[in-house]
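When you line the sequence shown up against this note's numbering, it's residues 374 to 659, in that order.
Glycine included, every Cβ here is placed at the ideal spot set by N, Cα and C.
Please read all numbers here as calculations on a predicted model, not as lab measurements.
Beneath this line is the structure, given in structure tokens, with notes to follow.
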Amino acid sequence: MSAGDPRPADFRRSVKVEQIMGTAVSIHVITAAESVAGESVAAAMGRVGARLHQVDRVCSPFLESSDICRIARGDLGLADADPMIAEIHRECLDARARTGGLFDPWWKGWFDPTGIVKGWAVERVVEQELAPLLEIRDVAAVGVNAGGDMQLLTAEDSPWVWEVGIVDPNDPRQMAARLSVTSGAIATSGIAERGDHIIDPRTGGAAHGIASSTVVADRLTEADLWATTAMIAGFDDLDWIATAGTRAGLLIASDGRVRRWSGGTRILADGAGLERFGRLPQAASA
374 MSAGDPRPAD
384 FRRSVKVEQI
394 MGTAVSIHVI
404 TAAESVAGES
414 VAAAMGRVGA
424 RLHQVDRVCS
434 PFLESSDICR
444 IARGDLGLAD
454 ADPMIAEIHR
464 ECLDARARTG
474 GLFDPWWKGW
484 FDPTGIVKGW
494 AVERVVEQEL
504 APLLEIRDVA
514 AVGVNAGGDM
524 QLLTAEDSPW
534 VWEVGIVDPN
544 DPRQMAARLS
554 VTSGAIATSG
564 IAERGDHIID
574 PRTGGAAHGI
584 ASSTVVADRL
594 TEADLWATTA
604 MIAGFDDLDW
614 IATAGTRAGL
624 LIASDGRVRR
634 WSGGTRILAD
644 GAGLERFGRL
654 PQAASA
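Okay, here's the thing in structure tokens:
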């Protein structure tokens with residue numbers, strides 16, 4: 374992520390990077406070059422990391438001691454689990470209904486919310502720990518990037534613009550598109566880094582046809598959900614776009630074909646990707 378319209382010399386970027394949930398998580402705070410908000414910024418960034426580590430301890434499918442693994446084994450009831458599990462459970466029920474079962478955390482026969490936890494957690498820590506920093510005069514923007522899934526916020530009176538590159542899944546050395554955004558969420562699912570890791574719950578096999586799906590929404594929980602759903606639905610099933618409530622998106626097929634959209638309108642593209650959308654408007658809330 375990088376600056377857009379503003380001169381980089383006008384700003385200072387504070388970045389904290391940690392390995393959480395099996396991926397690199399970078400916490401970003403953009404301040405005026407001469408900002409004196411350092412202590413508040415450092416404290417907030419520390420809380421973000423701590424809270425994401427806590428989510429991982431509770432929700433990781435790879436830690437036998439996590440609440441999710443204990444629930445799957447029958448050692449722990451939903452009502453007795455960490456309160457965050459109940460909230461995630463509600464999100465998953467809603468997601469399964471809205472996607473017509475294309476997103477289904479129960480397809481294995483037990484509850485595994487891995488597909489929604491990261492986006493949900495990042496969205497909430499940005500809202501609860503980083504967003505308050507925007508009330509400080511010197512703070513221009515805040516955001517978290519968790520393995521390419523981002524929740525970004527910019528102060529209403531700031532000229533800061535986040536510039537986000539979308540990797541070409543068929544040639545990871547290249548950018549397929551670039552997106553300018555002030556506030557919002559961006560999630561990408563695909564094969565560029567993790568291979569065929571997304572499972573179609575209807576078949577139990579890997580989803581095929583789409584090499585990469587990128588979705589822009591106000592909330593990262595939503596962007597993450599629909600980026601995953603797009604991978605499962607496939608390149609030719611785009612009926613979900615009309616009701617998903619996304620802001621924009623880009624699909625890249627395994628054979629290189631590209632489709633993009635803005636809002637609920639599907640647009641067939643020639644490969645130009647998201648960059649034609651230019652600067653997206655400020656989100657109402659995040």
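Exercise for the section: May I have a chain-ordered list of the beta strand (DSSP E) segments no shorter than 3 residues that lie completely inside the stretch 508-560? Expected result: Fully enclosed beta strand (DSSP E) runs of 3 or longer: 512-519, 522-527, 535-540, 548-554.
Problem - G568 burial status per 10 Å Cβ neighbour count (16 or more: buried) - result: Unreliable positioning characterises G568 in this predicted model, as indicated by a pLDDT of 48, which lies under 50. The coordinate reading is nonetheless provided below. Exposed, by the Cβ-count rule.
Exercise for the section: Just the C-alpha distance for E500 and R424, rounded to the nearest angstrom, thanks. Expected result: Near 12 Å, if we compare the C-alpha coordinates of R424 and E500.
Problem - Residue environment, S439, which counts as buried when at least 16 other CB atoms sit within 10 Å - result: S439 should be labelled buried.
Exercise for the section: Check whether the Cβ atoms of A494 and V537 sit closer than 7 Å, and answer yes or no. Expected result: In this structure, V537 does not lie closer than 7 Å to A494 by Cβ.
Exercise for the section: Grab the span of the alpha helix (DSSP H) containing A615 for me, first residue to last. Expected result: Unbroken alpha helix (DSSP H) run through A615: 614-617.
Handout entry: At least three beta-carbon pairs within less than 8 Å, the stretch 507-523 to the stretch 475-488
Key = No, the stretch 507-523 is not in contact with the stretch 475-488.
Handout entry: Beta-carbon contacts of S433 that lie in its chain and below 6 Å, excluding the five residues immediately before and after
Key = Taking C-beta separations shorter than 6 Å and ignoring five residues to either side along the sequence, the partners of S433 in its chain run S439, following chain order.
Problem - N- and C-terminal bounds of the alpha helix (DSSP H) containing A445 - result: A445 -> alpha helix (DSSP H) spans 440-446.
Exercise for the section: Name the two residues that bound the continuous alpha helix (DSSP H) containing R368. Expected result: No answer is possible for residue 368: it lies beyond the span of the chain, which begins at 374 and ends at 659.
Problem - Reduced DSSP category for L475 - H, G, I as helix; E, B as strand; rest coil - result: Correct three-state label for L475: coil.
Exercise for the section: To the nearest angstrom, report how far apart V540 and M548 are at their CA atoms. Expected result: Answer to the nearest angstrom: the Cα atoms are 4 Å apart.
Problem - Residue from L506, T404, G450 whose Cα sits closest to the Cα of V728 - result: The structure shown has nothing for residue 728, since the chain only spans 374 to 659.
Handout entry: Outcome for L598 when other beta-carbon atoms lying within 10 angstroms are tallied against a minimum of 16
Key = Buried.
Exercise for the section: Report the three-state DSSP secondary structure of G568 (helix, strand or coil). Expected result: Low confidence applies to G568: its pLDDT is 48, below 50, so where it sits in the model is not reliable enough to give any reading.
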